[in-house]
Amino acid sequence: MKSIFYIVLLALLTIGCQNPMEKQQIANPADYNNYLDTSIKVTLEEAQTTAEFWSKRLRPDSSGVGDLGPLAGTYEQLFQQTGDVSFLKSAEKLYLKGTQISANNKDVYIRGLAHNYVSQHRFKEAYEILQQSLKGVSNKHQTKLMLFDVAMEVGDYEAAYEYLKEVTDLSDYNYLIRLSKWSDYKGNLEDAIKYMEKAKKIADSRDSKPLKIWTYSNLGDYYGHAGRIADAYRHYLMTLELQPDNAYVKKGLAWIVYAQDGDTNEAHRILDSVMVNHPLPDYHLFKSELYEYDGMSAKAEIEMKTFIETIENGDYGAMYNNYLIEYYAETAPQKALDLAKKELENRRTPEVYHLLALAQLKNDNPELALQIIQDYVKSKTSEPMALYHSALVYKANNLYDDVQPIKEELEEAAFELGPVLMKEIRQL
Numbered sequence: 002m003k004s005i006f007y008i009v010l011l012a013l014l015t016i017g018c019q020n021p022m023e024k025q026q027i028a029n030p031a032d033y034n035n036y037l038d039t040s041i042k043v044t045l046e047e048a049q050t051t052a053e054f055w056s057k058r059l060r061p062d063s064s065g066v067g068d069l070g071p072l073a074g075t076y077e078q079l080f081q082q083t084g085d086v087s088f089l090k091s092a093e094k095l096y097l098k099g100t101q102i103s104a105n106n107k108d109v110y111i112r113g114l115a116h117n118y119v120s121q122h123r124f125k126e127a128y129e130i131l132q133q134s135l136k137g138v139s140n141k142h143q144t145k146l147m148l149f150d151v152a153m154e155v156g157d158y159e160a161a162y163e164y165l166k167e168v169t170d171l172s173d174y175n176y177l178i179r180l181s182k183w184s185d186y187k188g189n190l191e192d193a194i195k196y197m198e199k200a201k202k203i204a205d206s207r208d209s210k211p212l213k214i215w216t217y218s219n220l221g222d223y224y225g226h227a228g229r230i231a232d233a234y235r236h237y238l239m240t241l242e243l244q245p246d247n248a249y250v251k252k253g254l255a256w257i258v259y260a261q262d263g264d265t266n267e268a269h270r271i272l273d274s275v276m277v278n279h280p281l282p283d284y285h286l287f288k289s290e291l292y293e294y295d296g297m298s299a300k301a302e303i304e305m306k307t308f309i310e311t312i313e314n315g316d317y318g319a320m321y322n323n324y325l326i327e328y329y330a331e332t333a334p335q336k337a338l339d340l341a342k343k344e345l346e347n348r349r350t351p352e353v354y355h356l357l358a359l360a361q362l363k364n365d366n367p368e369l370a371l372q373i374i375q376d377y378v379k380s381k382t383s384e385p386m387a388l389y390h391s392a393l394v395y396k397a398n399n400l401y402d403d404v405q406p407i408k409e410e411l412e413e414a415a416f417e418l419g420p421v422l423m424k425e426i427r428q429l
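Letter by letter, the sequence shown follows residues 2 to 429 in this note's numbering.
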């Protein structure tokens with residue numbers, strides 16, 4: 002599911018209650034009710050136990066280099082399970098310590114640190130330390146795999162493709178999932194799914210629970226993007242069978258229940274269960290859209306306010322900059338423009354440029370916004386929100402012939418965008 006922030010923000014300003022479209026019912030609560038039991042915290046409890054084990058092994062001065070990596074990795078698992086950013090920060094400190102004191106495995110800690118930076122959206126820093134590591138003594142193959150990942154995040158697509166070519170191996174799981182990502186970036190969703198399905202076969206053949214969880218959930222996302230909602234639903238359930246407390250997948254289920262089935266009450270029920278143990282700000286945004294869909298604007302505004310205040314008052318760094326740019330574009334345009342320019346320093350991708358164009362548009366600079374779209378967004382991404390913002394810019398510049406093809410293309414992404422924004426798109 003892509004960013005729904007702008008969807009909600011526009012809805013709060015412009016529209017009221019929607020009527021559900023006639024669609025095939027996909028979700029059945031009987032399939033997943035057992036997974037909504039908030040007492041099921043197996044992954045979290047395992048991570049807590051592991052963290053306690055490695056913490057006891059670690060010397061008081063943190064000089065036990067062999068214990069730093071496992072403990073840091075466990076802290077990152079705790080972040081995934083709780084959304085508590087302090088665990089990411091603790092992991093960062095351990096990885097940094099490892100890079101300082103490790104004699105033989107420095108590159109392992111550098112890759113761990115780079116992964117940590119990516120989680121914090123500190124992409125430029127991650128790219129720099131990986132490039133430096135590649136020049137020294139390191140596992141070149143593993144480093145190039147991660148360099149591909151981070152090059153994609155910072156918008157260095159030519160370098161990303163070169164790194165990908167250097168690790169080509171169609172029998173390698175790690176190569177296939179990256180080839181899938183590259184195919185998606187190039188706008189070839191069919192190939193992206195094909196390569197992810199090949200990766201799934203490898204994960205199944207190894208009977209690797211971590212690989213299956215990651216692959217099933219990501220394949221579910223791809224199926225959703227392709228409009229194969231039943232397949233997405235099935236793979237989310239397959240993930241939950243392996244990991245009943247997977248919050249990410251439950252959020253995906255809630256989106257299917259809402260965007261496909263039009264059942265906001267059930268979507269709220271799913272989200273409420275997830276938020277008990279995984280209180281990310283994102284869920285308030287999602288719930289805001291659900292309320293707006295039902296015409297409950299006051300509740301939608303409360304959830305939106307909670308979402309923004311949680312981010313602004315939290316220690317999230319750049320992790321929610323995209324959402325804040327969209328929010329400030331409507332409420333404080335100059336602040337949105339400043340933040341968009343700052344985010345551009347971190348990564349020069351079409352996904353950031355379309356937000357910069359939006360900010361320029363809301364600062365009454367439609368011509369400059371158009372130039373940004375034409376130079377850095379058009380034909381460089383098929384991401385629905387980038388297309389939508391492009392359409393807004395074209396309309397503001399009276400280029401109506403450029404708006405219509407985008408509207409038609411976005412109809413194919415109706416599930417991904419959701420019913421609230423689709424109404425806005427159809428009125429362009």
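For every residue, glycine included, the Cβ atom is placed at its ideal position computed from N, Cα and C.
Because the structure is a prediction, the values reported are computed rather than measured.
- Taking all protein chains in view, the Cβ of G113 is crowded by 16 or more other Cβ atoms within 10 Å, so the residue is classified as buried.
- Shown here, K379 sits in coil according to DSSP, grouped into three states, outside any helix or strand.
- Per the coordinates, the alpha-carbon of L338 lies some 18 Å from the alpha-carbon of A397.
- When secondary structure is reduced to three states using DSSP, G228 falls in the coil class, being assigned neither helix nor strand.
- DSSP places S209 outside both helix and strand once states are collapsed to three, so it counts as coil.
- In its chain, beyond the 5 residues on either side, no residue has a beta carbon closer than 6 Å to the beta carbon of R123.
- When the Cα atoms are used, E313 and Q132 turn out to be separated by approximately 32 Å.
- Counting only runs of 4 or more residues that sit fully inside the region 254-326, the alpha helix (DSSP H) segments are 265-278, 283-294 and 298-314, in chain order.
- Here N219 is buried. Its C-beta has 16 or more other C-beta atoms within 10 Å.
- Here the alpha carbons of A193 and L357 stand approximately 28 Å from one another.
- Taking the Cβ atoms as the reference, M147 lies roughly 6 Å from A115, within the contact range of under 8 Å.
- In this structure, Y354 sits near I373, with a CB-CB distance shorter than 9 Å.
- Between V109 and G84, the C-beta spacing is not below 9 Å.
- Shown here for G225: same chain residues with a beta carbon closer than 6 Å to its own, the five before and five after excluded, namely A233 in chain order.
- Within the same chain, Cβ atoms closer than 7 Å to the Cβ of N117 are found at E77, L89, A92, E93 and Y96, the five residues on either side in sequence being excluded.
- The residue among A360, E293 and L291 with its C-alpha nearest the C-alpha of Y324 is A360.
- The residues L238, in chain order, have a CB closer than 7 Å to that of D32 in the same chain once the five nearest residues on each side in sequence are set aside.
- Closest by C-alpha distance to N29, out of I257, E413 and S298, is I257.
- At a cut-off of 4 residues, the continuous stretches assigned as alpha helix (DSSP H) that sit fully inside the region 39-126 are 43-58, 66-83, 86-102 and 107-120.
- In this structure, G318 sits away from P282, with a CB-CB distance that is not shorter than 9 Å.
- Sequence-distant partners of T75 (beyond 5 residues in either direction) whose C-beta falls short of 7 Å from its own C-beta, in its chain, are A48, T51, A52 and W55.
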